[in-house]
Amino acid sequence: ITVIRVKEHELKESPDKALIKLEQKLLKDYRPKVLDLFAGAGGFSEGFIRAGCEIIGHIEMDKKACGTLVTRMIYHALLKKGALSEYKKYILGKISRDELVAKYGLQKERDSVICAEIGKGNYKSLIEKIKERLNGQELDIIVGGPPCQAYSYIGRARDGKNMRRDGRNFLYRYYVEFLKSLKPKLFVFENVPGLETAGGGKHLRDMRRLMKRAGYSTDYKILNAADFGVPQNRKRIILVGWNKASRINGYPDFPISERKYVVKDFLTGLPKIQAGTGKRVGKFSKRNMLLEKLGILNPKLGILMDQVARPNTRQDLEIYRCAVLAKRQGENIKYNHLPERLKTHN
682 ITVIRVKEHE LKESPDKALI KLEQKLLKDY RPKVLDLFAG AGGFSEGFIR
732 AGCEIIGHIE MDKKACGTLV TRMIYHALLK KGALSEYKKY ILGKISRDEL
782 VAKYGLQKER DSVICAEIGK GNYKSLIEKI KERLNGQELD IIVGGPPCQA
832 YSYIGRARDG KNMRRDGRNF LYRYYVEFLK SLKPKLFVFE NVPGLETAGG
882 GKHLRDMRRL MKRAGYSTDY KILNAADFGV PQNRKRIILV GWNKASRING
932 YPDFPISERK YVVKDFLTGL PKIQAGTGKR VGKFSKRNML LEKLGILNPK
982 LGILMDQVAR PNTRQDLEIY RCAVLAKRQG ENIKYNHLPE RLKTHN
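Sequential numbering of the sequence shown, starting at 682, is according to our numbering.
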């Protein structure tokens, strides 16, 4: 419950101004409520949390991903409470997750993660669980995108016939059911560029038709993560939908990052290790100011997690040899230029 004090004389002298001031205060303090569907390890949630939103629920089928989601929710809750030292104890194995949850009353954060596969037999009960968590409050945003293998160019190229019959092609219909029942003001749906052409484009057309019927205007663009500070050319369809209550008039204008980062920028500070070695918990050799600036690394923790390199196989070493020899000739070898015996995938 939020208590906002308004002076009596302000209400009497200028009630309109007082109400505008009250509305502005409420909007300033309000944290939009977000539901993350097909949540994975929580990339969408991380971004929306940093933007000041409250994640009221995640739905994800993979148990290990759900474990990561719970850990991240606990981290953000302890960060807000100023208790990162307790999170550090958890990382170091000095306190269990259950002890941490009990000590700081983090049942809400733990229970926000629903480990379940969204399907015909359970989508209605999952919607009811989210309504219980909302407890009469409105949901503002739904984010997420169903598994992309059935839409991807690679998946269709490898096994086109089976991909056409793959049930994952139609998971967006359950996404629409959540929209119809929970009525968020807007949603963000993410998937691979192959969605645009999958089934001759019928899946995307059907998706937008159902979303329109549910009360949403939609638009989409293919965006490249490299344009937004990520050191990787990774293109994705970002489809945004909004209803009349959102007061949005069209597709958002996402500002492109002026700085183009490379992988090396993100690896600064990692100690050098050999293949087959590493530590689960270690320290950075020096501070990485970029990771701190972007909020990826919290300097107060001072912990490097899971820097472990797998052993090299004989095939790895042969591929590295080919790459080194090509480099000496002034060439950057590509995977499809390798000898056939060294290729293991298309």
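Glycine included, C-beta positions come from ideal geometry on N, C-alpha and C.
Bear in mind that the values here come from a model prediction, so they are computed numbers and not experimental data.
Looking at residue i: is its Cβ nearer than 8 angstroms to the Cβ of residue j?
i      : j      : result
Phe719 : Gly881 : no
Ser793 : Ile737 : yes
Gly983 : Lys964 : yes
Leu781 : Lys981 : no
Ala758 : Leu787 : yes
Ala783 : Met742 : no
Ile740 : Leu807 : yes
Leu863 : Leu820 : yes
Tyr785 : Lys769 : no
Tyr897 : Asn924 : yes
Val751 : Arg814 : no
Ile795 : Lys810 : yes
Quick check: the Cα distance between residue i and residue j, rounded to an integer number of angstroms?
i       : j       : result
Ala895  : Glu858  : 9 angstroms
Gly721  : Ala732  : 19 angstroms
Arg712  : Ser966  : 37 angstroms
Asp946  : Pro936  : 21 angstroms
Cys1003 : Ala907  : 28 angstroms
Phe870  : Arg1009 : 45 angstroms
Lys775  : Gly800  : 39 angstroms
Lys866  : Leu1019 : 50 angstroms
Gly724  : Phe851  : 23 angstroms
Asn1028 : Ile918  : Here the chain covers residues 682 to 1027 and nothing more, so residue 1028 does not appear.
Ser777  : Leu760  : 17 angstroms
Leu695  : Arg968  : Before going further, note that residue 695 is Ser rather than Leu in the sequence given. Their backbone Cα atoms lie some 54 angstroms apart in a straight line.
Leu885  : Ile823  : 18 angstroms
Tyr1001 : Ile977  : 31 angstroms
Lys861  : Asp887  : 16 angstroms
Leu998  : Ala1007 : 14 angstroms
Arg928  : Phe868  : 13 angstroms
Arg889  : Leu951  : 45 angstroms
Here's a check: name, in chain order, each residue in its chain whose Cβ is nearer than 8 angstroms to the Cβ of residue i, leaving out the five neighbours to either side.
i       : result
Gly910  : Ser938, Arg940, Tyr942 and Leu975
Tyr1016 : Lys1024
Ile682  : Bear in mind that a pLDDT of 46 at Ile682, under 50, signals an unreliable position, so the model cannot answer this.
Quick one: what's got a C-beta closer than 7 angstroms to residue i's C-beta in the same chain, skipping five residues either side?
i       : result
Asp987  : Arg961
Leu920  : Phe870, Thr899 and Tyr901
Pro933  : Val921
Leu773  : Val962
Ile1014 : Cys1003, Ala1004 and Ala1007
For residue i, count the other beta carbons within 10 Å of its own beta carbon; 16 or more makes it buried, fewer makes it exposed. Which is it?
i       : result
Asp717  : buried
Ala879  : buried
Gly817  : exposed
Lys714  : buried
Arg1028 : This structure leaves residue 1028 out entirely; the chain is present only between 682 and 1027.
Val989  : exposed
Leu985  : buried
What residues in its chain sit with their C-beta under 6 angstroms from that of residue i, if we drop five residues either side in the sequence?
i      : result
Val944 : Pro912
Gly957 : Pro992
Arg753 : Gly723
Phe729 : Val715
Ser726 : Asp717 and Ile736
Bridge partners of residue i, per DSSP?
i      : result
Gln818 : According to DSSP, which records beta bridges pairwise, Gln818 is partnered with nothing at all.
Leu919 : The residue you asked about is not Leu; residue 919 is Ile in the sequence shown. In the DSSP output, where bridge partners are listed per residue, Ile919 has Glu871 and Lys902.
Leu718 : Ile740 and Gly825
Lys960 : Gln988
Glu735 : Lys714
Ile795 : Ile740
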